[in-house]
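To start, the structure itself, in structure tokens.
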Ligand SMILES: Cc1cc2nc3c(=O)[nH]c(=O)nc-3n(C[C@H](O)[C@H](O)[C@H](O)COP(=O)(O)OP(=O)(O)OC[C@H]3O[C@@H](n4cnc5c(N)ncnc54)[C@H](O)[C@@H]3O)c2cc1C
């Protein structure tokens, strides 16, 4: 597997400009000869499809929801980072770059992160022009707040609905292109395989979820903007439909999968309430601007009403352990601290798996109306789910699976190891290393879609020339037949167990052995357990209904089948990474105080997995990461 990252020459601050200048161009008249498939219409896919359409390419855009507006991006709450330095508090492109590399525990590619920080400022301008209603100061300037892992305020937001507003902006741009005929939107179409001809991605196979029709689509390039794989854990803050299928199918066709073990566990989610829950709810990190995290000092106080526990009997553990960052310590660190407190028997709420997020101080300092103005919809959501009023009583929160830093390996051009197949947004292994900082996913998705791919795709297209395959070609037909067979397998097994029950069991294995803390013995067990579960799935699955009409059971079964393979890959990656970094905490590698111990000598690389065939062990490759602009150091937030 060739892992040439294609990082441009020159000083870090000039690499992107140099690259744009030396990239090949497709002239405006020729652009209309090319067809590009964009799978996904979230922030990454929506932005890419709209921009490529605007440039004059013919675009086919796919999503499995009934509207592009329902992509999971709509759920993003807290905000989007940009190094605008509107607060004059010391921010700069270099600081955002530095914070992101450090926040990712020095496991990301410097050149990509720097480009992201540079582009961040353009994103805000683009979105404001589209009419995104970012919060403003009294005088009309855009407002900012802080997110974890930063000591400046650089997060732009639209209450707790930033993703929704950004997605509406991208959707308006996309709609314009749909109406101009430049983008054809295919909703309720799920990509079930990729078509690779002569080593190049040339199309996809979809299933129409409304009527079951399977169909081949061909193009000059395929962009996968299909989001993250957090739902491998069953319970997560992701929308229930989020899945790994598109990325996993590309992996089976030769696209390297990078760092699958880098999953992000978000510290502020509503704790699990019972056995029948199918998803978890995030309480945005922005709340930690004003909320203080604590547990009682004594386990015996955990059952008391929190308002009856006096100050001196409380442990504000983040403020105590990380005084410089306090409640805004990064997610991986805050999550582990919450787990530690609960393991210590000081967790609150049912099952003792919860810590308090308390707004009493902020309310007495700023008044309830200010807190309502900042986070009103989040408090309302919390009350609807828990029945508790967080203005009067602290919220209860606990870490949950939230985001995935791993994904398809891409070079500087966002191209995977399959030429012509690109990955954008959360679907790629991205710029976040082993831990993503809050408010940086929206930034990356929009950067990839609006500003990176429109330049870099030209390099590929101009060197291969236009000419999509005929959908009737033999390779395309073969891929189509393969998908039909795989769909038939699901409905013809006629066993006894639902795909949901397999998914739930997989999630339990993943959470227990590849969750917040991992160790070799547990990961080995998880790999064996997942293999057994997968075997059982193939023998004992029951999918009711048929495959020629709307069938949500069938959709879920297909996604679970891929999770059952992918889960093993994730555990394998976690097993091989014999260090602790970011969201990947190996219990064998920690300091006496329980902090992560990185091994830069042996693991300062991205691990990239190559599919070797059914039942065969995948091969691990590495891309060395060089740190020329940020000094490798122990990550400290104390
Ligand atoms: C609750 C929550 C809150 C968050 N808040 C923030 C925040 O405040 N700030 C921040 O920076 N980040 C936040 N994030 C993370 C951020 O929302 C996501 O990382 C980001 O929106 C992902 O965008 P995307 O375009 O890559 O993918 P998505 O928005 O997930 O879009 C994926 C698209 O791919 C399509 N798709 C997937 N598979 C297929 C297939 N097989 N066939 C066809 N179509 C397919 C889907 O239909 C969809 O259109 C949050 C995440 C969660 C879960």
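Numbering (our numbering), first residue to last: 314 to 951. Using N, Cα and C, we set each Cβ at its ideal position, and we do this for glycine too. Predicted, not measured: the structure shown is a model, and the values here were computed from it.
- If you draw a 10 Å sphere on the C-beta of residue 429, you find 16 or more other C-beta atoms in it, and that means buried.
- Judged by DSSP secondary structure, residue 920 falls within the beta strand (DSSP E) whose first and last residues are 918-923.
- Boundaries around residue 878 are those of the alpha helix (DSSP H), 865-889, since no beta strand (DSSP E) includes it.
- Between ligand 1 and the CB of residue 352, the shortest heavy atom gap is smaller than 6 angstroms.
- Counting along the chain, residue 440 sits inside the alpha helix (DSSP H) bounded by residues 423-443.
- With 16 or more other Cβ atoms from the protein chains shown falling within 10 Å of its own Cβ, residue 467 counts as buried.
- Set against 6 angstroms, the gap from the CB of residue 468 to the closest heavy atom of ligand 1 is not smaller.
- 647 is the residue among 530, 647 and 766 whose C-alpha sits nearest the C-alpha of residue 710.
- Cα atoms of residue 583 and residue 659: separation of roughly 17 angstroms, rounded to the nearest angstrom.
- Annotation for residue 934: 314, 316, 569, 920, 921, 922 and 923 place their beta carbon closer than 8 angstroms to its own, counting only its chain and skipping 5 residues before and after.
- Considering only 347, 336 and 385, the residue with the shortest C-alpha distance to residue 740 is 385.
- For residue 711, the pairing in a beta bridge is given by DSSP as 582.
- A residue is called buried once 16 or more other Cβ atoms fall within 10 Å of its Cβ, and residue 947, having fewer, is exposed.
- For residue 575, the closest of 700, 820 and 718 by C-alpha to C-alpha distance is 718.
- Taking 7 angstroms as the cut-off, the Cβ atoms of residue 942 and residue 417 do not count as close.
- In the DSSP assignment, residue 853 falls within the alpha helix (DSSP H) that extends over 833-853.
- Here the stretch 774-789 makes no contact with the stretch 477-490; the two share fewer than three CB pairs at distances below 8 angstroms.
- Remark: the shortest separation between the CB of residue 385 and any heavy atom of ligand 1 falls under 6 angstroms.
- Remark: the C-beta of residue 391 is in contact range of ligand 1, defined as less than 6 angstroms to any heavy atom.
- Rounded to the nearest angstrom, the gap between the Cα atoms of residue 712 and residue 829 is 9 angstroms.
- Under DSSP, residue 903 forms a beta bridge with 909.
- Within the model, the alpha-carbon separation for residue 668 versus residue 394 is close to 27 angstroms.
- Put simply, of 720, 714 and 681 the residue whose alpha carbon is nearest the alpha carbon of residue 705 is 681.
- Rounded to whole angstroms, the gap between the alpha carbons of residue 812 and residue 352 is 25 angstroms.
- Taking the Cβ of residue 868 as the reference point, every heavy atom of ligand 1 lies at 6 angstroms or farther away.
- The beta carbons of residue 552 and residue 880 sit no closer together than 7 angstroms.
- When distances are taken from the beta-carbon of residue 504 to the heavy atoms of ligand 1, the shortest one is below 6 angstroms.
- Counting along the chain, residue 385 sits inside no beta strand (DSSP E), nor does DSSP assign it H or E at all.
- Shortest gap from the CB of residue 726 to any heavy atom of ligand 1: 6 angstroms or more.
- Taken from the Cβ of residue 950, every heavy atom of ligand 1 lies 6 angstroms or farther away.
- Residue pairing by DSSP leaves residue 861 without any beta bridge partner.
- According to the DSSP secondary-structure assignment, residue 577 is paired through a beta bridge with 716.
- The Cβ neighbour count for residue 907, taken over all protein chains shown within 10 Å, is under 16; the residue is labelled exposed.
- Under the Cβ criterion (8 angstroms, minimum of three pairs), the stretch 428-443 counts as touching the stretch 764-771.
- Distances from the alpha-carbon of residue 606 to those of 698, 581, 321 and 586 put 581 closest.
- Taking C-beta atoms under 8 angstroms as the contact rule, residue 808 and residue 854 qualify, at a distance of about 5 angstroms.
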